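Written out below as structure tokens is the structure these notes cover.
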Amino acid sequence: MQLEGHLRNWLTRFRPTIPPVAALLEPPHLCGLRVAEARKDLTTLVRHEEALSSGSEAFLPEGEALERSAESLMTHLGAPKRLSVVVGDPFFKIQVLAVEDFPRDEKERAQVILWQLRKLLNAPLDQVRLRYEVLSRSGGTVSLLVAVCREADAAALEEAFARRGCHVGFLGPSSLALLSLAEARGALPSDGSALLVNRTETYLSLLFVDRGIPAFFRCKDLAAFEREETEETERLAQEMRLTLAYFRDRVGGSKLASVWVRRHPQGLALPFEEELEEGVRVNDFASLLPAAPAGAPVEAALPLYGVLEGCP
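Per our numbering, the sequence shown runs over residues 8 to 319.
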């Protein structure tokens, strides 16, 4: 198991500079982005998109398929020596946890976090890569934002680029990269809560941020809708309604003030406005970036801008 202290320190390997190159692997799409200078000048120099298959059992392609994708990215992005990689949320298990008597020792912390996750997810978590951020402390209770993925899957991804002379120094989830973008652009309300919606062809993620602090996360595999032969729009509306109610009644979140939405591809169904209270502002994540040239929608690359802003 590999443990690294805080999500906000993911980029320490790159300091004092962050590479101006990042890639998003989110089947069935792959996107690579090179900008002029991370943190300072996000003018797009290269943006490459292509199809990306999913694995037979894993979220990402495996073996030769993964190698081909890595080779294509390296070619189109100019053979970078360092790279930040964002992966679709189902690659990870993401949770907001409340832990009492949080240990000081990192190994003990890892054991406590994984024990909590096993209880919550009812799943074995062996040979995993764990990352966490301390969100707040109240008395003896610590609130954590946790992301965990299979060590073998993360290592395979890193090795595919390493064989081409490229070091992956950052590996993180799509929705947390969107959170970074919202934070960097001052989009989160200081009073009240915000809902960050990440809607792709294969999953729907909902991240509630209460007074600037992540409070609740949920990711829904949309393939389940196909297996249940249920009308997608109806199920999406139900999913939004139930999740909003859970956040309000069980999590105890403050009044929802705004919603930020990313849809990729554009035009995907997302029936949620009727589930919102009157006065809640609905915004497009793309509005946080300068207008793109005609015919060049930025939705595919939105999570990458959050990483390139310099705060994972």
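C-beta atoms are modelled at their ideal positions from N, C-alpha and C, and glycine is treated no differently.
Quick caveat: nothing in here was measured; it's all calculated off a predicted structure.
Taking a cut-off of 8 Å for Cβ pairs, the segment 59-79 and the segment 163-173 touch, as three or more such pairs fall below it. In the DSSP assignment, C156 forms a beta bridge with R136. Following the DSSP letters along the chain, one finds I101 inside the beta strand (DSSP E) bounded by residues K100 to E107. Pairwise C-beta distances place the segment 279-287 out of contact with the segment 23-34, as fewer than three of them are shorter than 8 Å.
Within the DSSP bridge table, the entry for Y210 names D228 as partners. L142 is not a Cβ neighbour of G313, given a cutoff of 8 Å. Beta bridge pairing from DSSP links F66 with no other residue. The three-state secondary structure of P110, taken from DSSP, is coil. Residues G172, C173 and H174 of the same chain have their beta carbon placed closer than 7 Å to that of K88, with the five preceding and five following residues left out of the count. It is roughly 31 Å from the alpha-carbon of S187 to the alpha-carbon of E241. Around the beta-carbon of R206, 16 or more other beta-carbon atoms lie within 10 Å, marking it buried. Within the DSSP bridge table, the entry for N205 names S212 and R269 as partners. Following the DSSP letters along the chain, one finds R248 inside the alpha helix (DSSP H) bounded by residues E239 to Y253.
Contact check for I101 against A154 passes: the beta carbons are separated by less than 8 Å. With respect to the 8 Å criterion, L277 and L309 are not classified as neighbours on the basis of their beta carbons. Here the C-alpha atom of L263 lies approximately 23 Å from the C-alpha atom of Y210. With 16 or more other Cβ atoms from the protein chains shown falling within 10 Å of its own Cβ, L202 counts as buried. For E246, same chain residues with a beta-carbon under 7 Å away, outside a window of 5 residues either side, are L211 and K227 in chain order. In the DSSP assignment, L90 falls within the unbroken beta strand (DSSP E) covering R89 to V94.
Per the Cβ contact rule, the segment 190-197 is not in contact with the segment 131-139 (fewer than 3 Cβ pairs under 8 Å). If you draw a 10 Å sphere on the C-beta of W267, you find 16 or more other C-beta atoms in it, and that means buried. S261 sits away from R225, with the two beta carbons spaced by 8 Å or more. Take the alpha-carbon of T51 and the one of L84: they are about 12 Å apart. Looking at E158, D160, P110 and L59, the one whose alpha-carbon comes closest to that of G147 is P110. The alpha carbon of I120 has as its nearest neighbour, out of Y139, A130 and S61, the alpha carbon of Y139. Of the other Cβ atoms in all chains shown, 16 or more fall within 10 Å of the Cβ of E316; this residue is therefore buried. If you draw a straight line from the Cα of E239 to the Cα of E280, it is about 16 Å long. Counting only residues of its own chain and dropping the five nearest sequence neighbours on each side, D291 has a CB closer than 7 Å to the CB of V268.
For E57, the three-state secondary structure derived from DSSP is strand. The residue among M81, F215 and S63 with its C-alpha nearest the C-alpha of R54 is M81. About 6 Å separates the CB atoms of S200 and F215; that is less than 8 Å, so the two are in contact. The alpha-carbon of G95 is positioned some 9 Å away from that of L67. Under DSSP, the beta-bridge partners assigned to P180 are V94.
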